[in-house]
Every structure is written in structure tokens, then in C-alpha cells.
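Trainee:
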Amino acid sequence: MPQFTLNRTGKPPLSFEGELIAEGKSPSHRRHLANSEAKAHWFEITVYRTTGGLLVGHIAYRWAGELFREIDQDVTHVESDIPKLMAEMGKFDATACVGGFPHGSEFKSKQEKLMRAVAEDYKLLTTSIGQSLLSQAQPEVLK
């Protein structure tokens, strides 16, 4: 099985052997500022099954730009089953790492719209990943 190493913001990287079992990317949100190019924000989610049977979920926030207060973020969750993993990934605050527009009343409505869109797209992405994982799950056998 292949070896994976995932970056984690504020923590050492996480390495394991396993397989990639689900992945997805949210739409890219662009914001336009006077006298600057558009800046884009998006999430990438990958889920792995380790050789020991654990599930590793990786959430990556990415943005293309140089201004303001945004940096890439990488978060991992390790769980024993799909419902637990999806519950943990669902607790992630998708808007916490989005700096967005500069402060000021002229940007308030644009910032609110951006935050709603980012949160909604993250929720749709995690729902899609969860459905993909459940479709791969082995059926429960009753006796």
C-alpha cells in the first residue's frame, strides 16, 4: 500500500500507509477588490483508510492571493468509522480561516455573502464525501 504524509496546521505531519477512498473539492470563490486581481478560496477534502482500518479525513483550505489575513489551513481527523469521521468533519468551522474582504461598511454585504457561500459549499462537499463513503461501506449483516 502507498505511504501518505498529510500536512497539519500547527502540528507535525501525519504519515501512514493506506488507500485513498474519497476526495472532493469545493467550488472556488472569487472576490474582486479595487486595483487588484480576483482572489480565490476553496476546500479540498480527502479520506483515507489506513492498513490498520482507521479512517483519516484531511480538510485543506486553500486560497490564491497575497493580500490580507488568509493562510492555507490543513486539519486531519482520525476515527474508527464513517459516522464518527463525518461528525468530526462536520464540526469544522469552514469560515474561521477565511479572512475575506477588508473591514469596513463598504465591504460588509460582500463579506457576509462570501461567508455564507463558503459555509454552504463546505457543507455540500462534506455531504458528498459522506455519501461517497457510505456507498462504499460493507452492508451490515443481521443474524
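Residue numbers (my numbering): 29 to 171.
Don't be surprised by glycine CBs; every beta carbon is placed ideally from N, CA and C.
#1: Checking the sheet assignment: what are the DSSP bridge partners for Phe71?
#2: By a C-beta neighbour count over all protein chains shown, 10 Å radius and 16 as the cutoff for buried, is Met29 buried or exposed?
#3: Could you tell me the distance, in whole angstroms, from the CA atom of Trp70 to the CA atom of Ala165?
#4: Could you give the distance in angstroms between the alpha-carbon of Ser56 and the alpha-carbon of Val75?
#5: For Pro41, I'd like the list of residues in its chain whose CB is within less than 8 Å of its CB, leaving aside the five on either flank, ordered along the chain.
#6: Suppose you measure from the CA of Glu116 to the CA of Val84; what does that come to, to the nearest Å?
#7: Under 7 Å Cβ to Cβ from Gln139, same chain only, skipping five residues before and after it: list those, please.
#8: Name the DSSP beta bridge partners of Thr33, please?
#9: Classify Ser21 as buried or exposed, calling it buried when 16 or more other Cβ atoms lie within 10 Å of its own Cβ.
#10: Out of Lys39, Gly81 and Asp100, which one is the CA nearest neighbour of Ser113?
#11: Would you give the residue range spanned by the alpha helix (DSSP H) that Gln159 belongs to?
#12: Between which two residues does the alpha helix (DSSP H) carrying Lys112 extend?
#13: Less than 8 Å between the C-beta atoms of Ala88 and Glu72, yes or no?
#14: Roughly how many whole angstroms lie between the Cα atoms of Lys151 and Gly38?
Mentor: Put simply:
#1: Sequence index remark: in the sequence shown, residue 71 carries index 43 (1-based). DSSP output for Phe71 lists Tyr89 as bridge partner(s).
#2: For the purposes of this step, residue 29 is identified with residue 1 of the sequence shown, where counting begins at 1. Exposed.
#3: Locating residue 70 in the sequence shown gives position 42, counting from the first residue. Locating residue 165 in the sequence shown gives position 137, counting from the first residue. Cα to Cα, Trp70 sits roughly 28 Å from Ala165.
#4: As a working mapping, residue 56 is identified with position 28 in the sequence shown. As a working mapping, residue 75 is identified with position 47 in the sequence shown. C-alpha separation (whole angstroms): 20 Å.
#5: Taking the sequence shown and counting its residues from 1, one reaches residue 41 at position 13. Closer than 8 Å at Cβ, skipping near neighbours: Thr33, Leu34 and Asn35.
#6: Locating residue 116 in the sequence shown gives position 88, where the first residue counts as 1. Locating residue 84 in the sequence shown gives position 56, where the first residue counts as 1. Their Cα atoms are separated by approximately 11 Å.
#7: Stepping through the sequence shown from its first residue, residue 139 is reached at position 111. Around Gln139: Gly128 and Phe129.
#8: Numbered from 1 along the sequence shown, position 5 holds the residue referred to as residue 33. Paired residues: Ser43.
#9: With the chain represented from 29 up to 171, any question about residue 21 goes unanswered, as that position is not in the structure.
#10: Here the question's residue 113 lines up with position 85 in the sequence shown. A quick correction: the sequence has Leu, not Ser, at residue 113. Among Lys39, Gly81 and Asp100, the Cα nearest to that of Leu113 is on Gly81.
#11: Taking the sequence shown and counting its residues from 1, one reaches residue 159 at position 131. Run containing Gln159: Lys136 to Gln164, per the alpha helix (DSSP H) assignment.
#12: In the sequence shown, residue 112 corresponds to position 84, counting from 1. Note, Lys112: alpha helix (DSSP H), Ile110 to Gly118.
#13: Within the sequence shown, residue 88 is the residue found at index 60, counting from 1. Within the sequence shown, residue 72 is the residue found at index 44, counting from 1. Against a cut-off of 8 Å, the Cβ pair of Glu72 and Ala88 comes out as a contact.
#14: The count along the sequence shown starts at 1 and reaches residue 151 at position 123. The count along the sequence shown starts at 1 and reaches residue 38 at position 10. Cα to Cα, Lys151 sits roughly 24 Å from Gly38.
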